[in-house]
Structure formats: C-alpha cells, structure tokens
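Peer 1: Throughout, this note's numbering is defined as the position within the sequence shown, counted from one, plus 621. Even glycine gets a Cβ: it sits at the ideal position worked out from N, Cα and C. Bear in mind the structure is a predicted one, so any value in this text is a computation, not a measurement. Before anything else, here's the structure in question.
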Amino acid sequence: MALEPLIPLDAEDNHELKDFQRRFWWTLPLTVIVTVLAMFGHRLGWFDMAAQSWIELVLSLPVVLWTGWPFFVRGWQSVVQRSPNMWTLIALGTGAAFVYSVVATLAPQVFPASFVAMGRVAVYFEAAVVIISLTMLGQILELKARSQTSAALKSLLGLAPKTARRINADGSEEDVPLAHVHVGDLLRVRPGEKVPVDGVVTEGRSAVDESMLTGEPLPVTKRVGDALIGATLNTSGALVMRSEKVGSATMLAQIVQMVASAQRSKAPMQRMADVVAGKFVLVVVAIAAATFFVWGLFGPEPSWVFGLINAVAVLIIACPCALGLATPMSVMVATGRAATQGVLFRDAAAIEKMREVDTLIVDKTGTLTEGRPAFETSIATPEFTPAEVLRLAASLDQGSEHPLADAIVSAAREQGLPLAKPVDFESGSGIGVRGIVEGRRLALGNTALMEQEGVNVAALKADGERLRGEGASVMHLAVDGRLAGLLAVTDPIKSSTPEAIDTLHASGLRIVMATGDGLTTARAVGAKLGIDEVHGEVKPADKLALVEKLQQEGHVVAMAGDGINDAPALAKADVGVAMGTGTDVAMNSGQVTLVKGDLRGIAAARQISIDTVGNMRQNLAFAFVYNGIGVPIAAGLLYPFTGWLLSPMIAALAMSLSSASVIFNALRLRNA
C-alpha cells in the first residue's frame, strides 16, 4: 500500500485517492461495454464471436494495464520481498484470467476442442476488468474512509490560529504570521480570539475555553502568572501574554505528533494478524492450485475452464485485505477520539494493555492534589501573634525557591504584611532555612531543623500533629533560639479527584498512593479519598520497587505521576500514565498522557481501551468468518450438491464489501 504521511492530509491533498479516482472513472465505461458484450453479445449478433474476442481484448487492455497497473506492481513487490499479501492474490487472479483470455484470442488453436463454445474459445476478459474495477472502487472507498479515521487529528491541526498580535518594544502592535512569533514576545489576545502559542499571562484576566485540548467543558479563569495553551479560545477579557513555547514545542504540536505516532504503531493483535495473513496467502494459493487441477482432472466439461474460473474466484475472494485492515482502522479512530477527550496514547500497545490494568499507583502532589501549595494558617506562642509569625517567616522565605516558601510569601503579600530583607540566608538541604531578619536570627523548617537548633517544640506539638492529621505540611519558626510559632501549608486536593477515585473503584481498580510526603500527611489524604493502600516518605527508587513488587504478585500495574521522580516507575509500569500538567520527563516516560492532568482521564482511557479491543475482535472475527465461508464456496465444494459456482466478479464484489464493512465498523468508535 502507499506510504502514509506522518501527519494526515486533507482529502483534496490525497494524491493516491485522486489518481485512483481518475483511473477508475476513465475506464469504467470500457468495463461496462466489455461486460455487456460478454453477457449479451452472442444474443445481439452484432459481431462474429471470434471478432468479439478481439474487441473485448482491445477494450480490456486500458483497464488491465492502466487501471490495474498499481495492483500488479504491488503484487510483484510482494513476491520479490517475500511478503505475500492481498495484492499477491489479486495480481494472480486477474493476471491468470487476462493472460488465458489473450492466448485464447491470439492462438485459439492451442486449446482442445472442449474449450470451444459458441464458435470461439471461451474468454474471460469481463472477469478480469470487473475484478479490477471493483477492486479499484473498493480502494477508493477505503481511502476515503481512512481519511475519516484521522478527522479528529485534522480538527486539532485546524485549531491553531494563522496570525498573532505582537506588541513591539516601542508599544506599537502588529499582526504577524504565527511562524514569526519567537520565545519571549509579548502578544495581545483579544476577546473571541485564539491563544496563538503556549505562554504565561502578564496582564489582564479572562475565562479561556480549553475544551478542544483538555476535554474540560467549562472555561478556566486565567490571571497574571497563569499558563496559557496555544489554540485555546479567549472568551471574555483581554489578555497580554509572554510566549514561552512556539512551533513544534507547543502542546498542540506535541499532541498532534503523539497521536500521529500512535496511529502509525501496531497493536500486538495486529502483529498476530499480519503473521496469519502472510501464511494465509500461501495457503490460498495452494487451495487455488488444487482447485484448478481437481476441476481440470475430475470436473465436468469443459473441466479446465471450470478449474481456471474457480481458481480465480478462490484467489479473489480470499484477499486478506479485511484481515489487514481489522486493527489499524480501530487504532486510528480510537486515538483520534481519545485525543479530543484529552487522552493521548503513545502507541497501539498501550490501548490494548490499558483494559487489563487491575492496580493503579498514584503520586499525591500534582496528581491527586493541585501541586500548588497554599498557605492555610499560622499559630503563635504567647510572645508573638499569628500575623507576626507569618511576616517573619515570609521575610526569611524570600530567599528560597521552594514551592512551600512561595506559598508563605504569597500569603503574606496578599495580607499586606511588610516584609524585611533577609541577611545571611542559608538553606538546610531539605529540612528548612536559616537567616537574619531585622537583626534577629530565624530558623524555619521541620522538627529535624529544630533539633539541630536546640529548639523545644513541645508547646505546639499537639497543634502540629492535628494539622498533619488533616493533611497539611507543618513548619516551625524559631526566633533567636526560641519557638515563635508554626505555619501550615496544604496542597489542595483537585476538585475532580474524589469523583475520579470513585469511578476507578467502580471499574474494579485497586488504588495505591505512593508519595514522598510524610506518612501522617499521606494517610490523612488517603483516608479522605478512600484510597486502598498508602505509602509515605517514598523515594523514586521505592516507587520503582513498589511497581516491581506488585507485578511479581501477578498484578497488571498502571502508574500515574507528573514529576521527574515518577519517571522510573512510569517506565517500568505495564502502563505509565503521565499528567499533562507535569514535567516533560514524566510525559516521555509514560505510554498515556492526560492533557488536563485529571485522573478521570484514566477511566476514560480504560473505557476507550475496552471499546477499541472489542472493535478489533469484531473486525478480525468478521474477516476470518468471511474467508472461512467464502473460500470453500469459491472452490466449488457446493457444486455437487447444489450446482452453485461463484463467479469471480461476485467474489471481487464480496471482497470489496468485506473491506468496507471492517472500515465502517471501526468508524463506529468515533461515537463510542
């Protein structure tokens, strides 16, 4: 078959489809004339029968040698490359019928008298031209249907705007082609316009519709500092954004590449079908040869003519095109459908495997939770106030880039607290920070840091345990060697997470949480969500070990995560599910990516997997049953009992219809 473009083309750009349509329509009148002559020429008496054979030969030549030329080329290539396929059978069948008829026309004297009927040696030009025309029609229908399988991908390609409104350094604005936008450019996005590239809001506020990429139906409010995805729709307010990813680096471009790559991949079920199809062709050729000789030696007169026609019918009806199309069509439709719901499969094997998953390991931060810590509360000892504890902690944390520090500083600024500049700032390798603020020596961190500083935290120990039990991360603040208070920061659970967990439980999945957070915090989140098993204070190597342990117990494991620390476990899991809101390393390690970073996508991915594998099996079953019934009938096994023989032309029609039925059954997945 023709090479597939890496990115699907529009129908008007499909050169193979145009070429096949031209060949079909230009020679169809010749096929009709030859068929009418073969069926009714002897009754009309327009020509001498020997002359009619010459007329049929001349009219058949353009059909066989021009319209059928691509089929013969592919048939020859299949022999040269030792890769028997549907073209092997079509080339053998039509070639045998045509060459026999040419010899019968040019040198009828070489045939026995039993081959003569109505004053000429029987010819079968009409069988050759009708089979070629029907096969070409089937190819045209298949090419059109295959173009529909990539409809979702083409709609994604059409999402990107053609221009962007760039704000120049002097404050002027101009519309420029999207290809002229560079990283760091300031762009204006007016109400009703599409976001041109990926970037971040620098000015304004608006609701942005991201449904075309994430499947999320409700617009998302975007403020200064929020990320924007290219090709999404700005619905209300005006925004100014700074471009961060352009061209092939944008999320839309990566989605298109990932879906296109998945559509080109082969499912394990397809590899089995390919092996079967290759061996099947050899078996069919053997059956056709046996049909020819059995009819020729033992059939009624003209026995060898019967043998030739039945052998041709066997070759044509047994074309494994339906078998070869059975799974690629399902994969192409399913990946496109999944992409519109924010679920990206890396390859067909992931689609096939996802339905078998029985255990799901999830990270906490960024997967179950928002991944953006938020300040919750501060508690002070009698010598300080909660606001003063927050102000001092935020002043010190200005020197830190840790997400927890960012949450504390943001909360202090929102409350309008005056922050002082820290001096001699020092980070304590994961346990906290130290420094001098307003002449006082401060230490902010966990209990390990307090022990190093010799600070007694007993006064607020009960409050700390209570907050940890509620799922918060707790930090102590010491001023000049004495406890001043504690601060609690929480990572809010995503609003969609409870529903996602319920849905996954309902589908029979066992859910295990593995997080680097403290065990008390992890258990609090796990209890709140009803998670089956909780592991806290887990390192990347521990997550990998957990995946291996569950696999050794016989479970089919999916791992869902968003960070660099999740990458080893994502790669080891039977199916790695990466959050689209996470790191590139995580997405490169996973077989499935959820664009929205929403666990509900796993339930959607699993249902798509179930529907797709079911559709593949239907297609394969249809292809096997069709050939299992068609080949014996074409060989003439029913003739002794019913007198039925299958015309090669009917066999060609049935072959084309079998391919079309497989394609249209796969297209049903678009509405699943």
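#1: Rounded to whole angstroms, what's the CA-CA distance from Val983 to His1126? Just pull it up for me.
#2: Which residues in the same chain as Ser924 place their Cβ atom closer than 8 Å to its Cβ, once the five residues preceding and following it in sequence are excluded?
#3: Please report the distance separating the alpha-carbon of Glu794 from that of Arg1012.
#4: Suppose you measure from the CA of Ala1281 to the CA of Gly963; what does that come to, to the nearest Å?
#5: Decide if Val1178 is buried, meaning its Cβ has at least 16 other Cβ atoms within 10 Å, or exposed.
#6: May I have the straight-line CA-CA distance separating Val1283 from Leu1241, to the nearest angstrom?
#7: Between the Cα of Ala1001 and those of Ala1099, Lys1164, Asp1123 and Pro705, spot the shortest distance and give me the residue it belongs to.
#8: Give the secondary structure of Lys866 by DSSP, where H, G and I count as helix, E and B as strand, and everything else as coil.
#9: When we look at the beta-carbon of Gln1173 and count the other beta-carbons within 10 Å, is it buried (16 or more) or exposed?
#10: What ranges does the beta strand (DSSP E) occupy inside the stretch 1052-1140, keeping only unbroken runs of at least 3 residues that lie completely in it?
#11: For Gly858 and Thr842, I'd like the C-alpha separation in whole angstroms.
#12: Would you mind reading off the limits of the beta strand (DSSP E) that contains Phe585?
#13: Quick check on this structure: which residue in Gly851, Val694, Gly868 and Met953 has the alpha carbon closest to the alpha carbon of Arg1289?
#14: What does the alpha-carbon distance come out to for the pair Ala1226 and Ile1122?
#15: Below 8 Å, how does it come out for the stretch 969-981 and the stretch 1219-1237: are there three or more Cβ pairs, yes or no?
#16: Please work out which residues of its chain come closer than 6 Å, Cβ to Cβ, to Ala909, disregarding the five sequence neighbours upstream and downstream, and give them in chain order.
#17: Is it buried or exposed for Pro838, if we count other Cβ within 10 angstroms and need 16 for buried?
#18: Do you know offhand how far Ala874's Cα is from Asn1292's?
#19: Taking the alpha carbon of Asp1101 as the reference point, which residue from Glu1120, Leu1088 and Gly1060 has its own alpha carbon closest?
#20: If you pair each beta-carbon of the stretch 706-718 with each one of the stretch 672-682, do three or more pairs fall below 8 Å?
#21: Going by DSSP, what residues sit across from Ala848 in a beta bridge?
#22: Which word fits Gln730, buried or exposed, when buried means at least 16 other C-beta atoms lie within 10 angstroms of its C-beta?
#23: Please state whether DSSP places Pro1253 in a helix, a strand or coil.
#24: Taking the alpha-carbon of Ala1287 as reference, which of Gly1249, Val1246, Asn1236 and Val804 has the nearest alpha-carbon?
#25: Check Leu1220 in the structure and name its three-state DSSP category.
#26: Quick one: using the 10 Å Cβ neighbour count with 16 as the cut-off for buried, is His801 buried or exposed?
#27: Please give the ranges of any alpha helix (DSSP H) in the stretch 639-701, keeping only runs that are unbroken, at least 4 residues long and fully inside the region.
#28: Going by alpha carbons, who is nearest to Asp1027 out of Met950, Ala1014 and Leu686?
#29: Tell me, which residues are paired with Pro921 by DSSP?
#30: The beta strand (DSSP E) that contains Val1196, what's its start and end?
#31: Is Ala612 near Val694, with beta carbons less than 8 Å apart?
#32: What does DSSP give as the partner residues of Pro584 in its beta bridges?
#33: Assuming the contact rule is C-beta atoms closer than 8 Å, Val1198 and Leu1215 should be a hit. Round their C-beta distance to whole Å, please.
#34: Do Val810 and Leu860 have their CB atoms nearer than 8 Å?
#35: Straight-line CA distance for Thr856 to Met862?
#36: Is the beta carbon of Leu1070 closer than 8 Å to that of Leu1107?
Peer 2: Taking the geometry as given:
#1: 13 Å
#2: The beta carbon of Ser924 sits closer than 8 Å to those of Ser735, Trp916, Gly917 and Leu918, all from its chain and outside the five residues before and after it, given in chain order.
#3: 42 Å
#4: 29 Å
#5: buried
#6: 9 Å
#7: Ala1099
#8: Strand.
#9: exposed
#10: 1053-1058, 1061-1066, 1094-1100, 1103-1111 and 1131-1135
#11: Between the alpha carbons of Gly858 and Thr842 lies a distance of about 10 Å.
#12: Residue 585 is absent from the structure shown; the chain starts at 622 and stops at 1293.
#13: Met953
#14: 14 Å
#15: yes
#16: Ala932, Val935 and Leu936
#17: Reliability fails at Pro838, whose pLDDT of 49 lies under 50, so the model's placement of it is uncertain and the value that follows must be treated cautiously. Note on Pro838: under 16 other CB atoms within 10 angstroms of its CB, so exposed under the neighbour-count rule.
#18: Straight-line Cα distance between these residues: approximately 25 Å.
#19: Gly1060
#20: no
#21: Val821
#22: So Gln730 counts as exposed.
#23: Three-state result, Pro1253: helix.
#24: Closest by alpha carbon: Asn1236.
#25: DSSP places Leu1220 in coil when its eight states are reduced to three.
#26: exposed
#27: 670-683 and 690-701
#28: Asp1027 has its Cα closest to that of Ala1014, out of Met950, Ala1014 and Leu686.
#29: None, per the DSSP bridge assignment.
#30: Val1196 to Met1200
#31: Since the first residue of the chain shown is 622 and the last is 1293, residue 612 is not available in this structure.
#32: Absent from the model: residue 584. The displayed extent of the chain is 622 to 1293, so no value can be given.
#33: 6 Å
#34: yes
#35: Thr856 and Met862: Cα-Cα distance of roughly 15 Å.
#36: no
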